[in-house]
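Here's the structure we're looking at; comments come further down.
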Amino acid sequence: MGYRAGFLGLIGQPNAGKSTLLNYLVREKVSIVTAKPQTTRRRVMGIWSTEAGQIVFVDAPGLVKADKGLNGFLSQEAEDVIKQSDALLAIVSVDEKNSDDAEKVIKLVSASGKPWAGIITKSDLEEKQHRIMILKRMIEDHKGRAFQVSAKDLDSDNREALLIEFLEMMPLSPAPLYDVELFTPHRTKDLVAEIIREKCFEFVHQEIPFNIAIRIIKYEENAVPCPKIYAEIIVAKENHKPIVIGKGAANLKQIGSAARKDIEELIGQKVFLDLIVNFKADWFNNKRIMQELGYVRDNEEG
Ligand SMILES: Nc1nc2c(ncn2[C@@H]2O[C@H](COP(=O)(O)OP(=O)(O)OP(=O)(O)O)[C@@H](O)[C@H]2O)c(=O)[nH]1
Ligand SMILES: [Mg+2]
């Protein structure tokens, strides 16, 4: 058997469990996860390497219909992942409210003409067991192979069996695509910004986190006695600022301490984290800010 390597795109509705699946497969927290739909904004890559090959999983934002602003970017990102991947996984969750939504994903992925499989997520949800068969049939009706997973299942045999199946879907390749020691190609700075954004979802409620962006202002990697990170939480409405900060800055402190804990786990050492909150009116309509935040596609830059 020859060496295989390629990009495997994760496509699904918002909240289907794509990012959770990515983290589960590569056994690292690469992509942020929250209970709210539309968490992932940019494609996030996680790498699994073995002697037989390498899979670069590409977690995409959930499918949304929009052509402008931040949602326009999300929808193009997902489209790009479909186009640029070597093979695709249609991610459908047993707790999807509308079964048409699952079918849309399966149709979209199977129409790509690329090797694909259907993944039924959240299979641990007791009250949704009947959905597994329905989704399995839907996938098989479109000539795909169906697999079920639960991120709560820590049995590494199941995980490895899935990885071996997925590797078979990758093209033959003379060499790995990335250094086999890496679990993600993303810069630490970008992962840190995402961790802070995840904590904003956790500690700030209603629609506010959807309009939050994070910018790393300064990352002093070699500071003594520990790295120093200065980050900005950007809100889009003036009245969101006091909400994010909270009374006596209590909320901001919670965000900061939860984020610091995860960042320390990521880089394996203590860090100093300084957070400030700034208001930038409807930043998602500002081309320059969108570009700085990386919410612009490569071919649109400049
Ligand atoms: N019970 C259970 N919950 C899960 C499982 N996988 C994901 N979830 C939960 O589903 C929610 C959404 O998970 P995400 O991984 O953020 O979903 P996503 O598809 O990446 O969502 P977007 O980035 O918004 O498109 C979170 O609350 C997860 O904890 C699973 O296997 N079992
Ligand atoms: Mg996600």
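If you want this note's numbering, it's the position in the sequence shown, counting the first as 1, plus 8. Where is the CB? At the ideal position from N, CA and C, for every residue including glycine.
### Query
Any heavy atom of ligand 1 closer than 6 Å to the CB of valine 339?
Past the edges of the chain, shown from 9 to 310, lies residue 339, and the structure says nothing about it.
#### Entry: Euclidean distance between Cα positions of glycine 126 and arginine 153
Within the sequence shown, the letter at position 118 stands for residue 126. Within the sequence shown, the letter at position 145 stands for residue 153. Cα to Cα, glycine 126 sits roughly 6 Å from arginine 153.
### Query
How long is the line joining the alpha carbons of lysine 91 and alanine 257, rounded to whole angstroms?
Against the sequence shown, residue 91 aligns to sequence position 83. Against the sequence shown, residue 257 aligns to sequence position 249. Spanning the two alpha carbons is a distance of roughly 44 Å.
### Task
Grab the span of the alpha helix (DSSP H) containing valine 34 for me, first residue to last.
In the sequence shown, residue 34 corresponds to position 26, counting from 1. Counting along the chain, the alpha helix (DSSP H) containing valine 34 begins and ends at 26 to 34.
### Query
What's the C-alpha gap between tyrosine 238 and aspartate 67?
Locating residue 238 in the sequence shown gives position 230, where the first residue counts as 1. Locating residue 67 in the sequence shown gives position 59, where the first residue counts as 1. The alpha-carbon atoms of tyrosine 238 and aspartate 67 are separated by roughly 27 Å.
### Query
Should lysine 130 be listed as close to ligand 1, given that the test is whether its C-beta is under 6 Å from any heavy atom?
On the sequence shown, position 122 is the one that residue 130 refers to. Flag set: Cβ of lysine 130 near ligand 1.
### Task
Let me know the secondary structure DSSP gives threonine 58 once reduced to three states.
The sequence position of residue 58 within the sequence shown is 50, counting from 1. In this structure, threonine 58 counts as strand in the three-state DSSP scheme.
### Query
What are the residues that DSSP puts in a beta bridge with asparagine 286?
To locate residue 286, count along the sequence shown from 1; it is residue 278. Answer is Ile242, bridged to asparagine 286.
### Message
Assuming glutamine 84 is part of the alpha helix (DSSP H), what are its boundary residues?
### Response
Indexing the sequence shown from 1 puts residue 84 at position 76. Residues 77 to 92.
### Task
Thinking leucine 116 and phenylalanine 65 are a contact (beta carbons under 8 Å), I'd like their distance in whole angstroms, please.
The count along the sequence shown starts at 1 and reaches residue 116 at position 108. The count along the sequence shown starts at 1 and reaches residue 65 at position 57. Contact doesn't hold; Cβ gap of about 18 Å is too wide.
### Task
Output yes or no for whether 7 Å exceeds the beta carbon distance between cysteine 234 and lysine 278.
Along the sequence shown, read from residue 1 onward, the residue named residue 234 stands at position 226. Along the sequence shown, read from residue 1 onward, the residue named residue 278 stands at position 270. Going by C-beta atoms, cysteine 234 is nearer than 7 Å to lysine 278.
### Message
Just to confirm my understanding: we take glycine 310, look at its own chain, exclude 5 residues before and 5 after, and list those with CB closer than 8 Å. What are they?
### Response
As a position in the sequence shown, residue 310 is number 302, starting the count at 1. Unreliable placement is indicated for glycine 310, whose pLDDT of 39 sits below 50; no coordinate value is reported for it.
### Task
May I ask whether a heavy atom of ligand 2 can be found less than 6 Å away from the beta carbon of lysine 44?
Walking along the sequence shown from the start, residue 44 turns up at place 36. Answer for lysine 44: no, Cβ out of range of ligand 2.
#### Entry: Three CB pairs or more closer than 8 Å across the region 215 to 224 and the region 55 to 63
no
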